[in-house]
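Throughout the sequence shown, residue numbering follows my numbering, covering -16 to 136 in sequence.
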Amino acid sequence: KNKFPNLLSPPSDDICYATQNRQTAVKKMGAEAGLVIVVGSKNSSNSVRLVEVALGAGARAAHLVDYAEEIDEAWLEGVSTVGVTSGASVPEILVEGVLEWLAARGYEDVETVKAAEESITFSLPKELRRDLRAEAAAAVAGSPTASGDATEG
């Protein structure tokens, strides 16, 4: 503040715009979705909060998964609309994996719910994209990854 006296900043208790936008979008979709799947890490307060917001908005069920392979097909019973969202730092490739998993089970129509326009994107390094693909493939095979590292979401 001293160095930049004209800087306009949000209150310190404000959540980041990406988190706020996701929560707002989940409120919109939660009322219509029979199921909301949140892609993100169980140790991410952001992702855990999205599950809570979905349930509070009226979703019959909401589940947190790291990978598509963690989705239980029983969750889909009697569900015509599935909402999908992710924690703010979740790589897009993991969300795409969930969408592909759902499409393979008859949920191929995708409608985007936007709360606000987000124009800031960050590309993952090639090495990290490769490692994420390998980790997802290992999850499908049921084997631990070579590195044993966890991915945060």
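By construction, the Cβ of each residue, glycine as well, lies at the ideal position given by its N, Cα and C atoms. All values reported here derive from a predicted model rather than from experimental measurement.
{"Item": "Exposed unless 16 or more other CB atoms sit within 10 angstroms - verdict on residue 14", "Value": "exposed"}
{"Item": "Exposed unless 16 or more other CB atoms sit within 10 angstroms - verdict on residue 130", "Value": "The predicted model places residue 130 with a pLDDT of 46, which falls under 50 and marks its position as unreliable; any figure quoted below should be read in that light. Classification for residue 130: exposed."}
{"Item": "Backbone CA spacing between residue 48 and residue -13 [nearest angstrom]", "Value": "41 angstroms"}
{"Item": "At least 3 beta-carbon pairs within less than 8 angstroms: the stretch 87 to 99 vs the stretch 27 to 43", "Value": "no"}
{"Item": "Own chain, CB closer than 7 angstroms to residue 123, minus 5 neighbours either side, in chain order", "Value": "52"}
{"Item": "Residue 23, buried or exposed, once every other Cβ within 10 Å from all chains shown has been counted against 16", "Value": "buried"}
{"Item": "Residue 67 at chain C interface by Cβ criterion, 8 angstroms", "Value": "Here chain C cannot be found, since the structure has a single protein chain."}
{"Item": "Reduced DSSP secondary structure (H/G/I, E/B, other) of residue -15", "Value": "coil"}
{"Item": "Extent of the continuous beta strand (DSSP E) to which residue 39 belongs", "Value": "Element bounds for residue 39: not the beta strand (DSSP E) but the alpha helix (DSSP H), 28 to 39."}
{"Item": "Residue from 96, 72, 67 and 27 with nearest C-alpha to residue 82", "Value": "67"}
{"Item": "Beta-carbon gap between residue 73 and residue 18 smaller than 8 angstroms", "Value": "no"}
{"Item": "Alpha-carbon spacing of residue 8 relative to residue 32, whole angstroms", "Value": "13 angstroms"}
{"Item": "For residue 65, the nearest candidate out of 20, 3, 106 and 97 (CA to CA)", "Value": "20"}
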